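S.K.: Residue numbers (my numbering): 3 to 304.
Dropping a structure here in structure tokens format, bear with me for questions.
Here's what the structure looks like:
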């Protein structure tokens, strides 16, 4: 067993797994949507403004004050700064589905925040990490190429041939699920000692606080409708893992930074699964995929 592990380049395997995860998630997102579905929910300007306030102002402010008060190690600090700035999780429609949120709003908000993150993140990160030499273009380039291009490809396939899009969706979801498992397994193996140290030092509590405060901010600013409140809650608590991992992998050598990002993201997934199991059992079986209405119907209803 040790000989097999020694023969495998685990850091390379880890990076490839997360690259495949990012690409497959974004292609799947594009395959699931049309341009009309993206645009309709964004007509509610007041809700969009509150959503952007929650993700681009309040979460970064919370992390700023948290880092001033709580002594955390350098990898944790850098990870929190990256995640605070990285808004618009590509998996937001899936998260909204799990909590019975508004899928049309989730899809439109996801694309808006992803686009803003690609522009806003390089400059905000260079400002926040003043002691780190970061070239804004070095961050923007992988974000624009590895985030927007696969998303646009998925949208084009969906607009040209829905049958092909529906055929490719299960493949993309299986690919993202397996690459996520592989990426997590290799990250845990590579950073096991570091993660144990986080538990012993109590830094894992900071991750829990990050998630809970983000969830609360989104829920409070999600408007009068419960479905949009739940959607913005999970969309604010869950950060853009694709953008965060791209930044961590292309600009920082310490793999512990990526490990913290993955642990935070997966902790939210586990929490949402538990919430869905307890709160939505009347409509959704806890460990099965919920049956959803077509997004077109939800756009009309919203």
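Glycine included, each C-beta is placed from N, C-alpha and C at the ideal position.
These figures come from a predicted structure and were not determined experimentally.
Cα-Cα, which of 34, 21 and 201 is closest to residue 168?
M.R.: Locating residue 168 in the chain shown gives position 166, where the first residue counts as 1. When only C-alpha atoms are compared, the closest one is 34.
S.K.: Classify residue 34 as helix, strand or coil using the three-state DSSP reduction.
M.R.: Here the question's residue 34 lines up with position 32 in the chain shown. Three-state result, residue 34: coil.
S.K.: If I follow the unbroken alpha helix (DSSP H) through residue 152, where does it start and stop?
M.R.: Position 150 of the chain shown holds residue 152. 151 to 162 is the extent of the alpha helix (DSSP H) around residue 152.
S.K.: Keeping to the same chain, check which residues put their C-beta closer than 8 Å to that of residue 210; ignore five residues upstream and five downstream.
M.R.: For the purposes of this step, residue 210 is taken as the residue at position 208 of the chain shown. Excluding residues within five positions, the ones whose Cβ falls inside 8 Å are 269.
S.K.: Is the region 235 to 248 touching the region 210 to 222 in the sense that three or more CB pairs, one from each, lie closer than 8 Å?
M.R.: With a cut-off of 8 Å, the region 235 to 248 and the region 210 to 222 count as touching, because enough Cβ pairs lie within range.
S.K.: Find the nearest neighbour of residue 174 within the set 189, 185, 165 and 156, judged by alpha-carbon distance.
M.R.: By one-based count along the chain shown, residue 174 stands at place 172. Out of 189, 185, 165 and 156, 156 has the C-alpha closest to the C-alpha of residue 174.
S.K.: Which class does residue 43 belong to by DSSP, given the choice of helix, strand or coil?
M.R.: To locate residue 43, count along the chain shown from 1; it is residue 41. Looking at residue 43 - three-state DSSP - the assignment turns out to be helix.
S.K.: Just how far apart, CA to CA, sit residue 257 and residue 127?
M.R.: By one-based count along the chain shown, residue 257 stands at place 255. By one-based count along the chain shown, residue 127 stands at place 125. Those two C-alpha atoms are separated by around 18 Å.
S.K.: With 16 as the cutoff for other CB atoms within 10 Å, does residue 147 come out buried or exposed?
M.R.: The residue you call residue 147 lines up with position 145 of the chain shown. Exposed, by the Cβ-count rule.
S.K.: When you compare only the Cα positions, how much space is there between residue 203 and residue 191?
M.R.: Reading the chain shown from its first residue, position 201 is the one you call residue 203. Reading the chain shown from its first residue, position 189 is the one you call residue 191. Cα to Cα, residue 203 sits roughly 20 Å from residue 191.
S.K.: For the alpha helix (DSSP H) that contains residue 119, what are its first and last residues?
M.R.: Counted from its first residue, the chain shown places residue 119 at position 117. First-last of the alpha helix (DSSP H) with residue 119: 105 to 130.
S.K.: Rounded to whole angstroms, what is the Cα-Cα separation between residue 184 and residue 163?
M.R.: Numbered from 1 along the chain shown, position 182 holds the residue referred to as residue 184. Numbered from 1 along the chain shown, position 161 holds the residue referred to as residue 163. Spanning the two alpha carbons is a distance of roughly 31 Å.
S.K.: Pick out whichever of 225, 170 and 249 has its Cα sitting closest to the Cα of residue 54.
M.R.: As a working mapping, residue 54 is identified with position 52 in the chain shown. That would be 225, whose Cα lies nearest to the Cα of residue 54.
S.K.: Which of the three DSSP states is assigned to residue 223 in this structure?
M.R.: Position 221 of the chain shown, counting from 1, holds the residue named residue 223. Reduced to three states, the DSSP call for residue 223 is coil.
S.K.: Please confirm if the region 186 to 201 is in contact with the region 16 to 33, defined as three or more CB-CB distances below 8 Å between the two stretches.
M.R.: Contact holds: three or more Cβ-Cβ distances are below 8 Å.
S.K.: According to the Cβ coordinates, are residue 12 and residue 188 closer than 8 Å?
M.R.: What you label residue 12 is simply residue 10 of the chain shown in a count that begins at 1. What you label residue 188 is simply residue 186 of the chain shown in a count that begins at 1. Yes. Within cutoff.
S.K.: Specify the secondary structure class of residue 212 as computed by DSSP and reduced to three states.
M.R.: The residue given as residue 212 occupies position 210 in the chain shown. DSSP places residue 212 in helix when its eight states are reduced to three.
S.K.: Would you identify the three-state DSSP class for residue 242, choosing helix, strand or coil?
M.R.: Within the chain shown, the letter at position 240 stands for residue 242. The answer is coil: DSSP assigns residue 242 none of H, G, I, E or B.
S.K.: Taking 7 Å as the limit between beta carbons, can you name the residues of its chain near residue 60, skipping five residues before and five after?
M.R.: Numbered from its first residue, the chain shown carries residue 60 at position 58. Cβ neighbours of residue 60 beyond the five flanking positions: 219.
S.K.: Using 8 Å as the threshold, is the region 60 to 73 in touch with the region 90 to 107, meaning 3 or more CB pairs across them?
M.R.: Cβ pair count under 8 Å is below three, so no.
S.K.: Keeping to the same chain, check which residues put their C-beta closer than 8 Å to that of residue 131; ignore five residues upstream and five downstream.
M.R.: Taking the first residue of the chain shown as position 1, residue 131 is located at position 129. So the list reads 80 and 83, once near-sequence residues are dropped.
S.K.: Which same chain residues, not among the five before or five after residue 200, have their C-beta less than 6 Å away from its C-beta?
M.R.: Within the chain shown, numbered from 1, the residue matching residue 200 stands at position 198. Cβ neighbours of residue 200 beyond the five flanking positions: 206.
S.K.: Output the boundary residues of the alpha helix (DSSP H) element that contains residue 81.
M.R.: Taking the first residue of the chain shown as 1, we reach residue 81 at position 79. Note, residue 81: alpha helix (DSSP H), 76 to 87.
S.K.: For the alpha helix (DSSP H) that contains residue 316, what are its first and last residues?
M.R.: Given that the chain is displayed from residue 3 to residue 304, the structure contains no residue 316 and the question cannot be resolved.
S.K.: Taking C-beta to C-beta, are residue 26 and residue 170 nearer than 8 Å?
M.R.: One-based indexing of the chain shown puts residue 26 at position 24. One-based indexing of the chain shown puts residue 170 at position 168. No. Outside cutoff.
S.K.: My understanding is that residue 261 touches residue 196, with C-beta atoms under 8 Å, so please give their C-beta distance in whole angstroms.
M.R.: Numbered from its first residue, the chain shown carries residue 261 at position 259. Numbered from its first residue, the chain shown carries residue 196 at position 194. With 8 Å as the limit, residue 261 and residue 196 qualify as a contact, their Cβ atoms being about 6 Å apart.
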